[in-house]
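Below: one structure, written as structure tokens.
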Amino acid sequence: FLVPEDRKLTGILLDLSIAQNISLPNLPAHAKRSLVSTSAEVATAEKQKSNLGIKAPSVATRTGTLSGGNQQKVVLAKWLAMNPKVMILDEPTRGIDIGAKAEIYGLMRALADAGVAVLMISSDMEEVIGVSDRIAVMHEGRISGILDKDHFSQENVLLLAVGKTPK
16 FLVPEDRKLT GILLDLSIAQ NISLPNLPAH AKRSLVSTSA EVATAEKQKS NLGIKAPSVA
76 TRTGTLSGGN QQKVVLAKWL AMNPKVMILD EPTRGIDIGA KAEIYGLMRA LADAGVAVLM
136 ISSDMEEVIG VSDRIAVMHE GRISGILDKD HFSQENVLLL AVGKTPK
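The numbering used here puts the sequence shown at residues 16 to 182.
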């Protein structure tokens, strides 16, 4: 499942509630005879709100009123509610405060520890080096190299990014 870079444009619907946003990708699980069961929707959202520490008065809160970090947690929650095997996170911490970043890094680690494949796309090299187990670097649309943790350095990443062999 993809957590997009621009959460406000493609990740969430700002005018909908937290519960509605979380249930959108999996409406059949929240429906009875083609009608959405608000009790099922709220139960799923409450669980995700608690698991991710989404700070809001209730899951009925309009998503557009949340901070950037809490909006990002709603984007994550809607996919986590589906128990994914793979999560692709595109710039997952862009535009959020340092506390929310730490929470998202912790969530990414917990997912990886639980066996979920977490692929993070980020232009922040310090972030990539700080949270990754392996780094795949691209040059001209192709993977130019994969670095294991013991070879992580800004120099090696930059060398691969320009098509050269790391030291």
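All C-beta atoms, glycine included, are put in the ideal place defined by N, C-alpha and C.
Predicted model, so just to flag it, every value in this text is computed and none were measured.
Check                                                                                                                                                                         : Outcome
Leaving aside the five residues before and after PRO99 along the sequence, list all residues of the same chain whose C-beta is less than 8 Å from its C-beta, in chain order. : PHE16 and VAL131
Going along the chain, which unbroken runs of the beta strand (DSSP E) with 3 or more residues stay wholly within the stretch 52 to 93?                                       : none
Helix, strand or coil for VAL101? Go by DSSP, reduced to three states.                                                                                                        : strand
Taking 8 Å as the cut-off, does the stretch 27 to 45 touch the stretch 75 to 92 (at least 3 CB pairs, one atom from each stretch)?                                            : yes
State the DSSP-derived secondary structure class of ARG149, mapped to helix, strand or coil.                                                                                  : strand
Measuring CA to CA, which of GLN169, LEU24, SER38 and SER159 is closest to TRP94?                                                                                             : SER38
From ASN171 to LYS182, what does the alpha carbon distance come to, in whole angstroms?                                                                                       : 7 Å
Are there 16 or more other CB atoms within 10 angstroms of the CB of ARG157, so buried, or fewer, so exposed?                                                                 : exposed
State the Cα-Cα distance for the pair ASN36 and VAL90, rounded to the nearest angstrom.                                                                                       : 8 Å
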